Structure formats: structure tokens, C-alpha cells
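Have a look at the structure below, then the notes.
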Amino acid sequence: MADITMARLHEAMVILYAVSLVFYFIDYLYKEKKASRIAMGLLGIVWIMQTVFLVLYIIETQRFPILTLFEGIYFYAWLLVTLSLVLRIFYRFDFAVFFINIIGFIFMTIHTFAPVQIEKSPAGQDLVSELLFIHITFAILSYVAFSLSFVFSALHLILYRLLKKKKWTKQWSNLPSLGQTELGMTISILVGISLLFVSLVLGLQWAVISLAEFSLLDMKIVGSFILLLIYSWVLYRHRKGNLNGMSYALAHIYAFLLLLINFFLGSRLSEFHFWY
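Following this line, the structure appears as C-alpha cells:
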């Protein structure tokens, strides 16, 4: 029971870390103080949990936990979280903090769902199943965010054409403004990119643990990384001011069509992402 509880707590820690990354991403791009506070709060909880587990492990083993690769990864992840908090609180190095936390999250995930951890835990199979569940959940949430960006982009096109042709009537009065639709597109893909990145990290970890062999050239994996790059490119161009208005909306629509192709065709062509 104690092992199962510890496994659940480590899973919760990974999820909190993942959510904090989403808010750090928002803060990094838009300097949102509320997002920054939420990210800091979540990361603070992760650090407290990590520290408690580290101290308990030291008490149990009567030594400092750096003698094995498994222990070293955990200590490394703890140091990265500690460093990111110090840099954020005392020096306000937001750029460095964001990328340090990406690395920290990857290593925390590796530690939590490492094969050695799975093998020695009575809840090993449950951990594998739950890792897959979390991976799929984050993937679906990212698809929801990208779907919302598609809706805002379609509304943007409709509004633009109505205003251009001067066909505005009362039946369209409940529609958002062009500025609101553009903001909706941006927030949606910002969240979608963060969630998809987390999903890919967890998915690759699940594949390493569960599959005897798998290829990084699997169609679903390649397609997902291409989607991540495309949406990131769209957001980057928008941030630089090179992609706005109609062009920005069309970019969202084309990216969403690629998402649908990857979702249906990629699943059929994948060696382990089966579609029934």
C-alpha cells in the first residue's frame, strides 16, 4: 500500500510539473503575472514534494542518493527545480527558468516511470497503464485546444468577410471582435503546444518502458513532432509580427487540417498507435 501511495504521489508530482510548464510558457511569451504566480506555486509544491521524498530516502538508506543512475537522475531533477526557483525568485531570469524547467520535467518523468522503478514496484503495471492514460489525456487536451484555435480562426474569416462586404446585421451581434478572435487563436495554440509537448515526452517514455522495440520514425510520432513544429512556427511568426489577420487565421486552419490527417491517417499507419 505504501509503494502504491508513493507511486501515486510521484505521478501527481509529474502532472503538477506539467501544468506548471504550461503556465510558465504563457508567462514566458506574454509576461502574465497571474500565470507566473500559478506556475511558481505549482513548482513550489513540486519542490516541496521532491525534497520530502529525498529526505525520506536519505533516512531510509542512511546515505546520500547519488550512487546509482536512478538515484542520480532524481537528485539532478531536484537540483534543476531548486535552481529554477532561485533564478526566478532572486534574479528574474525568465528565459533561463523556462528552459531549465523543460529539462527538469523530462528527467523527472524519466525517474518516475523508469524501467527500474516499474520493475521494483508492486504497482508496476498500474504505473505503465497510468503513464499511457496521462499521455493520451494530455494529447486529447492539446487536440481540444487546437480545435478551439480552428474555431476562432473560422470566426475570424467570417467576421472579416462580413465587415469587408458591409453585411453586418443584428444576427451577428453576438460574435466576438476581430481582435478577440485573434487573441483566442493565440491563447488556444499556446496552450495546445504546451500540452502536446508534455504528451510527447510522456508518450516516448511509455514506449521505452512498454514496447520491446519501436521506431522514432513511426508515422504517428513523426506526424506529432511535425505538428508541434508547425504550430510553434505559427506562434513564433505571429509573435514577430510577420503573421497576422487573415494570414494568421488561414495558418491555423491549414495546421488543423494537418492535425486531422495525423490523427486519422497517422493512427492507421502507426506500428503501435492502433485505430479501431
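Take 11 as the starting number for the sequence shown in this note's numbering and just add one per residue.
Every residue, glycine too, gets a C-beta built ideally from N, C-alpha and C.
A quick note: this is a predicted structure, and the numbers were derived from the prediction, not measured.
Buried/exposed call for residue i, threshold 16 Cβ in 10 Å
i, result
"residue 227", "exposed"
"residue 51", "exposed"
"residue 171", "exposed"
"residue 153", "buried"
"residue 111", "buried"
"residue 230", "buried"
"residue 239", "exposed"
"residue 113", "exposed"
"residue 99", "exposed"
"residue 22", "exposed"
"residue 19", "exposed"
C-beta contact flag for residue i and residue j at 8 Å
i, j, result
"residue 266", "residue 156", "yes"
"residue 36", "residue 45", "yes"
"residue 144", "residue 117", "no"
"residue 148", "residue 195", "no"
"residue 121", "residue 164", "no"
"residue 31", "residue 208", "yes"
"residue 33", "residue 48", "yes"
"residue 199", "residue 159", "yes"
"residue 249", "residue 39", "yes"
"residue 169", "residue 141", "no"
"residue 245", "residue 203", "yes"
7 Å CB neighbourhood of residue i in its chain, flanking five on each side removed
i, result
"residue 119", "24, 211, 212, 215"
"residue 91", "53, 56, 57, 60, 114"
"residue 73", "none"
"residue 232", "none"
Residues near residue i in its chain [Cβ-Cβ closer than 6 Å; skip 5 each side]
i, result
"residue 151", "205"
"residue 67", "75"
"residue 107", "94, 97, 98"
"residue 42", "36"
"residue 7", "Because the chain is modelled from 11 through 286, residue 7 falls outside the range shown and cannot be assessed."
"residue 197", "none"
Supposed close pair residue i, residue j - CB separation, criterion 8 Å
i, j, result
"residue 115", "residue 27", "5 Å"
"residue 237", "residue 268", "6 Å"
"residue 259", "residue 166", "4 Å"
Cβ neighbours of residue i in the same chain (closer than 8 Å, five flanking residues each side left out)
i, result
"residue 61", "88"
"residue 95", "50, 53, 54, 57"
"residue 254", "192, 248"
"residue 64", "75, 84, 85, 88"
"residue 173", "188"
"residue 256", "166, 167, 170"
"residue 29", "52"
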